[in-house]
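Q: Residue numbers 396 to 583, in the working numbering, belong to the letters of the sequence shown in order.
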Amino acid sequence: MSTAESREGAQPGLHAYLRRGGVIAYPTESCYGLGCDPRNAAALRRLIRLKGRDAGKGMLLIADRYRRLQPFVGALSPTGRARMRRSWPGPVTWVVPASRRCPPELTGGRTTVAVRVTAHRPAAALCRSLGTALVSTSANKSGHTPAKTAAQCRRMFGARVRVVDGRIGTRRRPSTLIDLATGKILRA
């Protein structure tokens, strides 16, 4: 176990598991999320298959700080960047231009990517200990209710995901989703 993993409470070997293309289930603001290394296209495809998700929907990224999201974000105006940063950390996800580094599995083939700096301490600690942003999509089969506990994740996905135990936050709804270019609220 690395010093970072022990300090932040991450499971031993989790970083290596994610680098190898593993998918994890972990607590977020309102439910358990499924996540993987956003730079690993095979892991992204595995996650899409696990959920039975339409590959054209794309997925969002969370991080403990904006710096971890920057490699995935394209050019932003200073005003746009300031607007985003004022809402963080918190339950606001922004749809922004994607960088050329963003795999199409992450963007759903679009030119945009959804990003959030989370205020949920366990999720932020996980990103900090792993040193990267994480893919975040609700831990459920597409169209079904998201898992609220580690036990539900284990029942739903079995050994196909590694479950990170922890408490979900108190939010009852997913994060607000806003298009940075238009200011349009896509999900309240």
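Backbone N, C-alpha and C fix where the C-beta goes; we use that ideal spot for every residue, glycine too.
Cutting at 7 Å between CB atoms, please list the residues of its own chain near T506, excluding the five before and the five after it.
A: Cβ within range, chain order: P492 and A493.
Q: Taking 7 Å as the limit between beta carbons, can you name the residues of its chain near M396, skipping five residues before and five after?
A: Caution is warranted here: a pLDDT of 34 is assigned to M396, below 50, making its placement in the model unreliable, and no coordinate value can be reported.
Q: Output the distance between the C-alpha atoms of S401 and L409, rounded to the nearest integer angstrom.
A: Any reading at S401 must be qualified, since the residue scores a pLDDT of 36, below 50, and its modelled position is unreliable; no value is offered.
Q: Would you decide whether S537 is buried or exposed? Buried here means 16 or more other CB atoms lie within 10 Å of its CB.
A: When all chains shown are included, S537 counts as exposed.
Q: Any chance the region 539–550 sits against the region 475–483, with 3 or more Cβ pairs inside 8 Å?
A: With a cut-off of 8 Å, the region 475–483 and the region 539–550 do not count as touching, because too few Cβ pairs lie within range.
Q: How is the beta strand (DSSP E) around L529 delimited, first residue to last?
A: Per DSSP, L529 belongs to the beta strand (DSSP E) from L529 to S533.
Q: Anyone know if the C-beta pair for T571 and V510 falls short of 8 Å?
A: Against a cut-off of 8 Å, the Cβ pair of V510 and T571 comes out as no contact.
Q: How about P517 and G485: are their beta carbons less than 8 Å apart?
A: No, they are not a contact pair.
Q: In three-state DSSP terms, what is T502?
A: Reduced to three states, the DSSP call for T502 is helix.
Q: Mind reading off the beta-carbon distance from S531 to G469? Whole number of angstroms is fine, and I expect it under 8 Å.
A: Contact flag wrong, Cβ pair sits at about 20 Å.
Q: Is the separation between the beta-carbon of L581 and that of V490 shorter than 8 Å?
A: Yes, the pair counts as a contact, with Cβ atoms nearer than the cut-off.
Q: First and last residue of the beta strand (DSSP E) that includes P492?
A: Segment V487 to P492, the beta strand (DSSP E) holding P492.
Q: What is the DSSP secondary structure of R516, counted as helix, strand or coil?
A: Helix.
Q: So is D459 buried or exposed if we call it buried at 16+ other beta carbons inside 10 Å?
A: Looking at its Cβ environment, which holds 16 or more other Cβ atoms inside 10 Å, D459 is buried.
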